[in-house]
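The structure under discussion appears below in the form of structure tokens.
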Amino acid sequence: MARLVIVSNRVPPPRAKGAASAGGLAVALQSFVSSGTLWFGWSGRVTERTPGKPKIVNGGGVTYATIDLGAEDYDRFYVGFANSSLWPLLHFRLGLMRYRREDFEGYLAVNAAFAEALIPMLRPDDMIWVHDYHLIPFADALRARGFTGRIGFFLHIPFVPPSVLDALPPARALMRSLCAYDVVGFQTRTHLQDFLDCARRFGGFAVEGEEVVTEGGRVRAIADPIGIDAPSFARVAARSAGTDYIRRLTESLTGRALAISAERLDYSKGLPNRFEGFARLLARFPQHHRTVSLLQIAARSREDVVEYQALRRELDRLAGDINGRFSQFDWVPLRYMTQTVARTKLAGLFRIARIGLVTPLRDGMNLVAKEFVAAQDPADPGVLVLSRFAGAAEELTEALLVNPYDPDEIAEAMNTALEMSLEERQERHAALRRAVFEVTAARYCNVFVEALAGEAGAGPPPAN
Ligand code: GDG
């Protein structure tokens, strides 16, 4: 059996299960990696210059090899091209995209430096699984250094149609790099279809079914939605609901319903629209004054990127505005925090919430939606209000699906959720729960690795 090598921008510290990391990727993969796996990527540290050799740590049979980033590389590769060009572009936010040629050069240079550092650790029959938009040119960089084994890529964030990708100056180079993989995976069939259209348009390649035919071979494109370890999250949530922490929260609510949102403080997550939606709920449905509180956890993220700094200022202002307008001396409608909360506590918060409010403007998948469903008590479940532009909406069709650009629609869905009968809540939750327990993290990993191994039995991707 070939060794699995995982390459991702950030590598979680060994055996840090349950640690307060607010990233979806680490959470999904950590339970899958097994003894013998090599996991390679950035350490998260910035030093003066990018070193040539990785640091190696072993934990639980897994070898973690990490490399620091030099300050200029960090600026061009991470802050620049990855998070100021690709992230906004692939979330359909052309107005926020910034492009500098030197950033793209830095992006290619870091991919090359990472490949150079990994090559001495590779065996010819390794299977390499590369993750996310930071590392699109990684297969090219490995092939240029002589690696001939299987290499697959999974994109955790959305993909865009040709008319959107066209705005990115190196669109063609990027598409040709994506087509240097053996397998390319996406969260949904919509993203997959957009990729095939872009491969045709910018790569100049023929597409046959769900395969791209290149000069060098064939790229197989798959839709492989990511999931969570649902039974384990449900257990943690049930246990956590009995702790002092959750008891203190329940006491502070004095019988009021809790609506909850939790994510990285990121403009893709639709926080200002959500705050506005909540304000509309209070303005249009005054019967809910004093009966509901929204707890918004917005873990600070990418604080070196100016758009994230601006978003934080905007949210501070909006939160103050809502509480100034609607608070009463003994009721504060919006509780807003920008610290991370430990994962077990988060699970308990989800469990006791009456509404899970998940309204990104665009999201590859959105694991919070799935975690909220898994955390509920099936006998008295909360209601999921979900953006139809989250990848998760393709599977979680029994949620109250909203267009997050319309604050009135968010307000109306919250009102519906608050007034929903127990019977309807149970019916919707049962259907959502089936979906979340079926498409798990383990299934996601198995489907990808089977496709990467080239096994015929990989089968069709789950319906979504
Ligand atoms: C990318 C894609 C895709 C959030 N706040 C806290 C916290 N979290 C945890 C959540 C969840 C994870 O972080 C976030 O995952 P998401 O999927 O919701 O979002 P991204 O971070 O944007 O992830 C996304 C994902 O990759 C996987 O493919 O679904 O579309 O954008 O697990 O619970 N965890 C803790 N404290 C917090 O305050 N401990």
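So that you can map any letter, position 361 of the sequence shown is 1146 in my numbering, and since no number is skipped, the others follow by simple counting.
Ideal placement from N, C-alpha and C gives every residue a C-beta, glycine not left out.
Looking only at C-alpha atoms, which of the options sits nearest to residue i?
i: Y859; options: L1131, F1222 and D1089; result: D1089
i: L881; options: V818, E1092 and E1156; result: E1092
i: M1150; options: A1164, G1027 and V1224; result: V1224
i: R1098; options: E890, T1123 and I1140; result: T1123
i: E1061; options: Q978, Y1052 and D1191; result: D1191
i: F1070; options: D1009, A1202, S948 and T975; result: A1202
i: F862; options: A894, F1114 and Q978; result: A894
i: A1081; options: R1075, L1131, Q1113 and L1067; result: It is worth fixing the name first, because residue 1081 is Gln in this sequence and not Ala. Taking only the C-alpha atoms, the option nearest Q1081 is L1131.
i: I936; options: L963, R957, A958 and A867; result: L963
i: A1084; options: N1108, V1153, S1017 and T1039; result: V1153
i: A902; options: A850, N1200, G934 and T1144; result: A850
i: G994; options: S870, L977, S1078 and R1041; result: L977
i: L920; options: I913, T1129, S793 and D853; result: S793
i: W824; options: N1108, P798 and T832; result: P798
i: S948; options: L789, G837 and F877; result: F877
i: R1120; options: N1200, M1205, N896 and S1078; result: S1078
i: E1204; options: S1025, K838 and L1066; result: L1066
i: E730; options: A1177, R1173, A984 and Q1161; result: Residue 730 is absent from the structure shown; the chain starts at 786 and stops at 1249.
i: R908; options: R788, S1025 and L1142; result: R788
Cβ of residue i versus every heavy atom of the ligand GDG: is any distance shorter than 6 Å?
i: E1156; result: yes
i: V1126; result: yes
i: R1049; result: yes
i: M1150; result: yes
i: I1045; result: no
i: L1131; result: yes
i: I1137; result: no
i: V1153; result: yes
i: H751; result: Missing from the structure shown is residue 751; the chain here goes from 786 to 1249 and no further.
i: I1031; result: no
i: I1011; result: yes
i: A900; result: no
i: A1084; result: yes
i: H941; result: yes
If you draw a straight line from the alpha carbon of residue i to that of residue j, how long is it in whole angstroms?
i: R961; j: R1003; result: 12 Å
i: A926; j: S1046; result: 39 Å
i: L940; j: W1116; result: 43 Å
i: L981; j: V998; result: 11 Å
i: M786; j: D910; result: 9 Å
i: F938; j: F1063; result: 38 Å
i: Y1229; j: S1086; result: 26 Å
i: I1007; j: R1218; result: 24 Å
i: G931; j: A924; result: 11 Å
i: K840; j: L1050; result: 30 Å
i: R795; j: L1237; result: 22 Å
i: P1057; j: R1032; result: 29 Å
i: G1133; j: A1023; result: 7 Å
i: F971; j: G845; result: 29 Å
i: G989; j: G1001; result: 13 Å
i: E1208; j: L950; result: 45 Å
i: R1137; j: A1127; result: In the sequence on display, residue 1137 carries Ile and not Arg. Distance between the alpha carbons of I1137 and A1127: 16 Å.
i: A1215; j: V1170; result: 15 Å
i: P1118; j: F1111; result: 7 Å
i: I1013; j: V1221; result: 8 Å
i: I1125; j: V992; result: Checking the sequence, you will find Thr at residue 1125 rather than Ile. Cα to Cα, T1125 sits roughly 44 Å from V992.
i: L1100; j: E1235; result: 43 Å
i: W872; j: Y918; result: 8 Å
i: A952; j: T1039; result: 51 Å
i: I1011; j: T835; result: 32 Å
i: Q1072; j: D1029; result: 31 Å
i: Y884; j: A956; result: 12 Å
i: S869; j: L959; result: 16 Å
i: D1106; j: L854; result: 40 Å
i: I791; j: F899; result: 13 Å
i: T832; j: A856; result: 6 Å
i: R1102; j: L1096; result: 10 Å
i: S806; j: E1048; result: Low per-residue confidence applies at S806: pLDDT is 44, beneath 50, and the placement is therefore not dependable enough to give any value.
i: V1232; j: A1175; result: 21 Å
i: I1140; j: E1180; result: 19 Å
i: R974; j: P946; result: 13 Å
i: N1200; j: V1143; result: 15 Å
i: A1042; j: T1182; result: 24 Å
Contact check, residue i vs residue j under 8 Å by CB: the rounded distance?
i: Q1113; j: R1075; result: 7 Å
i: L879; j: P943; result: 13 Å between Cβ atoms; not a contact.
i: G865; j: G891; result: 6 Å
i: K1054; j: P1145; result: 5 Å
For residue i, decide whether its Cβ has a neighbour in chain C, counting only Cβ atoms nearer than 7 Å.
i: A1083; result: Reference to chain C is not applicable here, since this structure consists of a single protein chain.
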